[in-house]
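Under our numbering, the first residue of the sequence shown carries the number -18, and numbering increases by one thereafter. Structure first, commentary second.
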Amino acid sequence: MSATTPTAPRSTRVPGVVLLLAAVTFCLGTSEFMIAGLLEQIAADLHVSIPQAGLLITAFAVGMVVGAPAMAVLTLRLPTRSTLVLMTVVFAAAHVLGALAPGYGVLLVSRVLAAVACGGYWSLAAVHAHRASPPGAVGRSLAALVGGLTIANLVGVPGGAWLGERYGWRSAFWVIAVVTALAAVLVAATVRDRRPAEGVADAAPQRTRDLLARELGVFRTRRIWLALATTALFQASVFAAFSYFSPLLTKVAGLDPDAVPLALVGFGVGAFVGVTIGGRIADRNLWGNLLGSLVATAASLLLLAAVASVPWAAFGAVLLVGMSGFSIAGALNARVFQIAAGAPTLAASMNTAAFNVGNAVGPALGGAVIALGLGYRAPLLVGVVLAAGALATTVVAMRRDGIRVRRGAPSPTPAVTVPADACCAD
């Protein structure tokens, strides 16, 4: 008879520090999205057109795309806590600058500054959440970060619009500045301070050149580019549709404009449910989560296109789009960390940039088909095509790795072993 040693149960609890980081993403998400509800007030106060005020949204997206990888490189040798606090403080300071802006130019600069800090925070927060989580809770933890954004859509954005209506648009900036500054204090008191290389396999190199070489070495594999392409295509598919829900619901479904916010709340509720359930599924079967979410999103967009003229059905389909569209968030992030296990910081920042590329490209393509006179259902079909593209890149990645999805099976992705001189190899 042989003795067996009992195996400790695998923890699936999201660490408290990850929930704190998610609370900060709530502030970041509120700031990113609340501008849409304040455009008219900003335009009137600063004497610019609404389209010109709308460039504040574009500037934030561009700042995120550039800022995420740039901050990842510039802060590579800084300890985790110091960098997170720095990014949070800069974000708060940018909102003070925005609240005091005497003109449009200063406000535009403040939005770019906030976006750069936001990109830097997002990337490192994802890395820290991944490292701080037990193996059975990685998907949940990464989904929790995105959950901060879904709650921002549900609570923060309407709250910002209410503040703007009642006390002026600058009041919303002041509230974000104060809350984010308080969050910086909590981050400083809670997050463990360690070097980015600590906890990473073969973490001996400490010089900036060596650390950067490790990070860049990840991008020598096609796996990471397939993962980033999947992220950008999928995000574009959701936002090609979401950006034009308002005219779709009023002009096609025939809803009263006052009912549109309620439908968007339904989207937010669906998103919160989706990101919560999706994170749990990703921990058990990452590839199954990816495939299922991609197919479900394409199907829900097709359903919305089919029932858009029926108000109650359109309302329900919007909720389903939110649920399916956010159920993949944890898996998209977890996949990048699987690939770049040895040097995840720059890879995580590029994934953040890929999300924001999708945020910019999706609405542009959706607007283009409307401008061609194809109607307000057309962006939904654009979303279906983009989701199909994301599905294609996922299938290619699975075939390259020889992965077959089985119900309840683990979903390993070969990690990239990154030598210290990887970026300099021939």
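Cβ atoms here follow ideal geometry from the backbone N, Cα and C, with glycine treated the same way.
DSSP state of residue i mapped onto helix, strand, coil
| i | result |
| --- | --- |
| Arg92 | helix |
| Val29 | coil |
| Thr56 | coil |
| Pro228 | helix |
| Leu275 | helix |
| Ser308 | coil |
| Gly(-3) | helix |
| Ala324 | coil |
| Ala291 | Note on identity: in this sequence residue 291 is Val, with Ala being the wrong assignment. Correct three-state label for Val291: coil. |
| Gly303 | helix |
| Pro50 | helix |
| Ser104 | helix |
| Arg173 | coil |
| Gly180 | Note that Gly180 has pLDDT 45, beneath the 50 cutoff, so the model's placement of it is unreliable and no number is given. |
| Ser12 | helix |
| Pro186 | Summary for Pro186: the model assigns pLDDT 44, below 50, so the residue's position carries little reliability; its value from the coordinates is reported in the next sentence. If DSSP states are grouped into helix, strand and coil, Pro186 belongs with coil. |
| Asn266 | coil |
| Leu355 | coil |
| Pro344 | helix |
| Ser330 | helix |
| Ser114 | coil |
| Pro83 | coil |
| Ile384 | coil |
| Leu19 | coil |
| Leu2 | helix |
| Asp402 | Only weak support exists for where Asp402 lies, its pLDDT of 39 falling under 50; the coordinates are left without a value. |
Residue nearest to residue i in terms of C-alpha spacing, selected from the options
| i | options | result |
| --- | --- | --- |
| Ala287 | Val127, Leu2, Leu361 and Val136 | Leu361 |
| Val127 | Gly303, Trp206, Leu372 and Ile351 | Gly303 |
| Val159 | Gly79, Ala378, Phe318 and Leu20 | Gly79 |
| Ala118 | Ile351, Phe336 and Gly(-3) | Gly(-3) |
| Leu67 | Phe248, Val43, Leu9 and Ala98 | Ala98 |
| Gln33 | Ala371, Glu21, Val136 and Gly44 | Glu21 |
| Ala125 | Leu1, Val71 and Thr64 | Leu1 |
| Ser63 | Val168, Asn266, Glu13 and Phe226 | Val168 |
| Ile38 | Leu59, Leu88, Arg265 and Asp26 | Leu88 |
| Ala289 | Leu236, Ala153 and Thr171 | Leu236 |
| Leu59 | Ala110, Gly18 and Leu193 | Leu193 |
| Ala263 | Phe14, Arg147, Cys8 and Leu123 | Leu123 |
| Ala4 | Ala164, Ala329 and Ala334 | Ala164 |
| Gly145 | Ala24, Leu94 and Phe296 | Ala24 |
| Thr333 | Thr211, Leu300 and Leu283 | Thr211 |
| Gly120 | Ala234, Arg261 and Gly35 | Arg261 |
| Ser91 | Val77, Leu285 and Phe215 | Val77 |
Range covered by the alpha helix (DSSP H) that runs through residue i
| i | result |
| --- | --- |
| Asp237 | Asp237 -> no alpha helix (DSSP H), and no H or E assigned at all. |
| Leu78 | Thr61 to Ala80 |
| Tyr148 | Val138 to Tyr148 |
| Gly120 | Val119 to Ile132 |
| Ala213 | Arg203 to Phe223 |
Please determine if the region 258 to 278 and the region 369 to 381 are in contact, where contact requires at least 3 C-beta pairs separated by less than 8 Å. yes
Do the region 194 to 203 and the region 356 to 371 make contact, defined as three or more Cβ pairs closer than 8 Å? no
Assess contact between the region 247 to 257 and the region 301 to 320, defined as three or more Cβ pairs (one per stretch) separated by less than 8 Å. Is contact present? yes
Sufficient close CB pairs (3 or more, under 8 Å) joining the region 218 to 238 to the region 71 to 91: no
If we count Cβ pairs, one from each stretch, closer than 8 Å, do we get three or more for the region 130 to 137 versus the region 103 to 113? No, the region 130 to 137 is not in contact with the region 103 to 113.
Closer than 8 Å is the cut-off here; do at least three beta carbon pairs connect the region 334 to 352 with the region 221 to 236? yes
Inspect the CB distances between the region 38 to 52 and the region 337 to 345 and report whether three or more fall short of 8 Å. yes
Report yes or no: do three or more beta-carbon pairs, one from the region 312 to 332 and one from the region 200 to 218, lie closer than 8 Å? yes
Any chance the region 53 to 61 sits against the region 137 to 155, with 3 or more Cβ pairs inside 8 Å? The answer is no - the region 137 to 155 does not touch the region 53 to 61, with fewer than three Cβ pairs under 8 Å.
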